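Have a look at the structure below before the remarks.
Protein chains: 2
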Amino acid sequence: MAYHFSNILGHFIIDNSFKEIRKAQKESKDVKIEEVPQQKLSIVLELFKDKKYFTEFYEKNIDISKQALKKSVTEDQLIIQAISNVQELDKICNILTKRLREWYSWYNPELCEEVKDNEKFAELVLTEKRGKESMGADLDKPHLDEMNLLAKEIGEMFQLRKTHEAYLQKVLLDYCPNLVELAGVTISAKLIELGKSLKHLALLPASTIQLLGAEKALFRHIKTGARSPKYGVIFAHPLIQNSKRSDRGKASRMLADKLSLCARLDFFKGEFKAKEFRKELEEKLR
Amino acid sequence: MAYHFSNILGHFIIDNSFKEIRKAQKESKDVKIEEVPQQKLSIVLELFKDKKYFTEFYEKNIDISKQALKKSVTEDQLIIQAISNVQELDKICNILTKRLREWYSWYNPELCEEVKDNEKFAELVLTEKRGKESMGADLDKPHLDEMNLLAKEIGEMFQLRKTHEAYLQKVLLDYCPNLVELAGVTISAKLIELGKSLKHLALLPASTIQLLGAEKALFRHIKTGARSPKYGVIFAHPLIQNSKRSDRGKASRMLADKLSLCARLDFFKGEFKAKEFRKELEEKLR
Chain A
1 MAYHFSNILG HFIIDNSFKE IRKAQKESKD VKIEEVPQQK LSIVLELFKD
51 KKYFTEFYEK NIDISKQALK KSVTEDQLII QAISNVQELD KICNILTKRL
101 REWYSWYNPE LCEEVKDNEK FAELVLTEKR GKESMGADLD KPHLDEMNLL
151 AKEIGEMFQL RKTHEAYLQK VLLDYCPNLV ELAGVTISAK LIELGKSLKH
201 LALLPASTIQ LLGAEKALFR HIKTGARSPK YGVIFAHPLI QNSKRSDRGK
251 ASRMLADKLS LCARLDFFKG EFKAKEFRKE LEEKLR
Chain B
1001 MAYHFSNILG HFIIDNSFKE IRKAQKESKD VKIEEVPQQK LSIVLELFKD
1051 KKYFTEFYEK NIDISKQALK KSVTEDQLII QAISNVQELD KICNILTKRL
1101 REWYSWYNPE LCEEVKDNEK FAELVLTEKR GKESMGADLD KPHLDEMNLL
1151 AKEIGEMFQL RKTHEAYLQK VLLDYCPNLV ELAGVTISAK LIELGKSLKH
1201 LALLPASTIQ LLGAEKALFR HIKTGARSPK YGVIFAHPLI QNSKRSDRGK
1251 ASRMLADKLS LCARLDFFKG EFKAKEFRKE LEEKLR
């Protein structure tokens, strides 16, 4: 943010200075503006000898920069934050459930073995009573309370993750309907995160979109000559998951192609064509 | 758990077999038990020729092992789980607050700069309204809702951490009053975690207790001849924190000495002497 700020500030100081110069020019007619930037700058600096311009310049610039900063926040940034948080919540849910499994196994090891799904496990810790034949220790209530609190917290984390996803879906459907229709919520959000913004994503070639998220493998390929990656985050897409292993590279290339078109349609506010694209891909990949 | 189980199971199979042999001995008087273990085992194996013993052995052993396992859970394990979870929660709170700061700074960058304390920040996100002159973007309610949910979750994490600490204090005051009195809740729990159990901690020499938690530095010292570490987790103790830098090594040695005594007093259910120890240390280190 700070970097962003100073950047825009610098830009506006130069920009505003010219406005001031033009104003001064109109008034006094004795300040000449040459087309050479070096000279322009020296004229501006000349004006700063007079202190009366300086404070005004400074305050106005700060104001205008603040306004510009206000307007510079787009949905891209919010989408990026939300999808990053979803990814972090995934990690955190895993860490905490692992701890709960270890902790709870002193009381009811059978449940920990039985239930493999993390979300369900946290729920069952709260609701289910253990069998009488359990080989876990008979712990007192204070000990169990701590585990239950942790289980409850894990449940809420999973809930938060779902809320974030619903929010993302809502925002993305507005922002890039084509991309979401073809790629789904998670993949579209990840693509925007990796492409930094929808604008930048729309400007990327399809082959880059195909490999977004596979940077590590790509650089290993360039550096050591290992096999080149075939897909990045789009690997999770059902069209690729459902094709044969030998067809996946092809499927990924075709999908990236259409995704790139979708990103462009969305950024330049084009028509809604994703459904046709999807049908086309499905027919070709059958 | 599984390893623990098979360990105890093996132990009890041997143990029970001897009981069976003795029973058989009493009944038939023709099985002799020599004092050589090798022979003992062969006698046991002899009995397994008869299938009737086998199923009974097996079932009884499973039963007895389950019982033993039930009893084998001590407070040590629960303390270790709780303090590990506290440490994980610390990390998680940091990760999530970092994310919230980045996310919220699009709306209210001033608050993110102002409030350095993580817990307070999460609270203020929920309660405080931003100033009119903020240079953050004017976001709609749906966007802000997600941030608020995250802030709420962070607040609950901090709360859970506090509950865990209160629980630890209660358990530790019962389990090792001397250690807690001298070292405080967090350090005692960490010492038990690093020593694996209070029993093992009581058996460790004071010099090892002094360096628990500084294993990395210790092995670097042994391997490369770098300077040896002076303290492990006990570094956070106020007696060490408050001494001069040059006295810290000495303070740490004296403190570890007393902590080792405390662990022994606690494990062997001795008197409560920690207050005297504390006074003694404070006088010496003044």
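Chains A and B, in that order, are what the protein sequence lines are. If you read the first sequence in my numbering, its first letter stands for residue 1, the second for the next number, and so on. If you read the second sequence in my numbering, its first letter stands for residue 1001, the second for the next number, and so on. Think of the CB as a built atom: it goes at the ideal place given N, C-alpha and C, for glycine as much as any other residue. These figures come from a predicted structure and were not determined experimentally.
Proximity below 9 Å, CB of residue i to CB of residue j
| i | j | result |
| --- | --- | --- |
| A:L126 | A:N148 | yes |
| B:E1153 | B:L1096 | yes |
| B:A1202 | B:D1266 | yes |
| B:K1230 | B:Q1210 | yes |
| A:D138 | B:K1066 | no |
| B:L1168 | B:I1062 | no |
| B:W1103 | A:Q87 | no |
| A:S228 | A:L218 | yes |
| B:L1144 | A:N85 | no |
| B:L1259 | B:L1198 | no |
| A:L285 | A:D247 | yes |
| B:C1112 | B:R1101 | yes |
| B:H1200 | B:L1089 | no |
| B:I1083 | B:T1186 | yes |
Alpha carbon of residue i to alpha carbon of residue j, nearest angstrom
| i | j | result |
| --- | --- | --- |
| A:K250 | A:S207 | 12 Å |
| A:F268 | A:C262 | 10 Å |
| A:F158 | A:E119 | 7 Å |
| B:K1129 | B:R1099 | 20 Å |
| B:K1279 | B:E1181 | 11 Å |
| A:K162 | B:G1131 | 31 Å |
| B:V1031 | B:S1188 | Residue placement at B:V1031 is flagged as unreliable, the pLDDT there being 47, under the threshold of 50; the coordinate-derived value follows with that caveat. The alpha-carbon atoms of B:V1031 and B:S1188 are separated by roughly 53 Å. |
| A:E276 | B:G1155 | 46 Å |
| B:E1193 | A:Q241 | 44 Å |
| A:P142 | A:M135 | 20 Å |
| A:K91 | B:V1233 | 27 Å |
| B:A1214 | B:K1052 | 55 Å |
| A:R253 | A:T224 | 23 Å |
| B:V1044 | B:D1050 | 11 Å |
| B:E1133 | A:K273 | 43 Å |
| A:G270 | A:H237 | 24 Å |
| B:Y1058 | A:E282 | 58 Å |
| B:E1034 | A:V115 | Its pLDDT being 47, under 50, B:E1034 is placed unreliably in this model, and the value from its coordinates should be taken loosely. Approximately 49 Å, taken between the alpha carbons. |
| A:S243 | A:C176 | 26 Å |
| B:F1235 | B:R1264 | 21 Å |
| A:Y55 | B:L1160 | The sequence given here has Thr at residue 55 of chain A, not Tyr. So the two alpha carbons sit approximately 51 Å from each other. |
| A:D140 | A:S105 | 15 Å |
Residue i classed as buried or exposed, judged by whether at least 16 other C-beta atoms fall within 10 angstroms
| i | result |
| --- | --- |
| B:G1245 | Going by the sequence as given, residue 1245 of chain B is Arg instead of Gly. Its Cβ having fewer than 16 others within 10 Å, B:R1245 is exposed. |
| A:N178 | buried |
| A:I222 | exposed |
| B:F1121 | buried |
| B:A1166 | exposed |
| B:L1255 | buried |
| B:E1046 | exposed |
| A:L239 | buried |
| A:Y107 | buried |
| B:P1205 | exposed |
| A:S42 | exposed |
| B:P1037 | exposed |
Are the region 72–81 of chain A and the region 161–174 of chain A touching by the rule of at least three beta carbon pairs closer than 8 Å?
-> yes
Which runs of the alpha helix (DSSP H), 4 residues or longer, sit entirely within the region 1209–1277 of chain B?
-> 1215–1224, 1238–1241 and 1248–1267
Let me know the alpha helix (DSSP H) ranges lying completely inside the region 1063–1118 of chain B, each 4 residues or longer, listed in chain order.
-> 1075–1104 and 1109–1114
Whole alpha helix (DSSP H) elements within the region 143–196 of chain A, 4-residue minimum | 177–183 and 185–195
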